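All remarks here apply to the structure that follows.
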Amino acid sequence: EAGVVQSPRYKIIEKKQPVAFWCNPISGHNTLYWYRQNLGQGPELLIRYENEEAVDDSQLPKDRFSAERLKGVDSTLKIQPAELGDSAVYLCASSRLAGDPTSTDTQYFGPGTRLTVL
Amino acid sequence: SQQGEEDPQALSIQEGENATMNCSYKTSINNLQWYRQNSGRGLVHLILIRSNEREKHSGRLRVTLDTSKKSSSLLITASRAADTASYFCALRTSYDKVIFGPGTSLSVIP
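Line by line, the protein sequences give chains A and B.
Counting in the working numbering, the first sequence runs without a single skipped number right up to 1400 at its last residue.
Counting in the working numbering, the second sequence runs without a single skipped number right up to 127 at its last residue.
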């Protein structure tokens, strides 16, 4: 079974530039998460999708961040414009839909995209 | 804060010793999970314990949950150098939020 795929793995941009991250979850996983992880800290949830619906985006800075999951499969997270403080690792994870009898609520993480804003 | 908070922040032990790390939280939960993250890599799920469970085992891992004290502990027995990583607790709260703690950095010295 293929894992969660993220691209790119690394991105260096100048501040005020736009940037986009892509995530393809594990096949059959309805729930998709985007996290931001700063150095030495735990992941912070940005947005959670169940199928194509964003069910929790309370921590997403909506003035500059946007996300979409149009067909309920892969997803894109965008920052426009990027600021110096956005430098972090952006993690994508997926799990089976909560309430699914086969669900263990286990999240499977991709390798992350390390963003550096100069 | 509703966040899970691990302690200690950092732990250094000799290979073969046991490692214990703790997670405390302030909200009601449906389950609590532990994840491991090796340097520069994504997180890997270790074990999940539901709110109505008190203890679970998986290989060299033992997790306990005390909902009255709002705390959990992760015990790694007979540690190995390969166990060197950061360990995070993650809460699934009763109101369906997902919250990770700041992590414990474990170093196992060969």
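For glycine and all other residues, C-beta sits at the position ideal for the given N, C-alpha and C.
On a predicted model such as this, the values are computed, not experimentally measured, just so you know.
(message) Give me the DSSP bridge partner(s) of A/Ala1302.
(response) A/Lys1360
(request) Take the Cβ of A/Asp1345 as the centre, count every other Cβ of all protein chains shown within 10 Å, and call the residue buried at 16 or more, exposed below. (result) exposed
(message) Counting C-beta neighbours from all protein chains within 10 Å, is the total for B/Gly33 16 or more, i.e. buried, or is it exposed?
(response) exposed
(request) With DSSP collapsed to three states, give me the class of A/Leu1366. (result) Of the three classes helix, strand and coil, the one that applies to A/Leu1366 here is helix, per DSSP.
(request) Verify the CB distance criterion: does B/His74 have a CB-CB separation below 8 angstroms to chain A? (result) no
(request) Flag this pair as touching only if the stretch 1299-1313 of chain A and the stretch 105-115 of chain B have three or more C-beta atom pairs under 8 angstroms; answer yes or no. (result) no
(request) Just tell me which of A/Val1399, A/Thr1398, A/Gly1394 has its CA closest to the CA of A/Trp1316. (result) Selection A/Val1399, A/Thr1398, A/Gly1394 evaluated against A/Trp1316 yields A/Gly1394 as nearest (Cα-Cα).
(request) Report yes or no: is there a C-beta of chain B within less than 8 angstroms of the C-beta of A/Thr1388? (result) yes
(message) Let me see if you follow: with CB-CB separation under 8 angstroms, is A/Leu1379 close to chain B or not?
(response) no
(request) Name, going along the chain, the residues of the stretch 1320-1340 of chain A whose beta-carbon falls closer than 9 angstroms to a beta-carbon of chain B. (result) The stretch 1320-1340 of chain A vs chain B, Cβ under 9 angstroms: Gly1322, Gln1323, Gly1324, Pro1325, Glu1326, Leu1327, Arg1330, Val1337, Asp1338, Ser1340.
(request) For A/Pro1393, decide whether its Cβ has a neighbour in chain B, counting only Cβ atoms nearer than 8 angstroms. (result) Closer than 8 angstroms: yes.
(message) Please identify the residue among B/Val125, B/Val61, B/Pro127, B/Asn69 whose C-alpha is closest to the C-alpha of B/Ser89.
(response) B/Asn69
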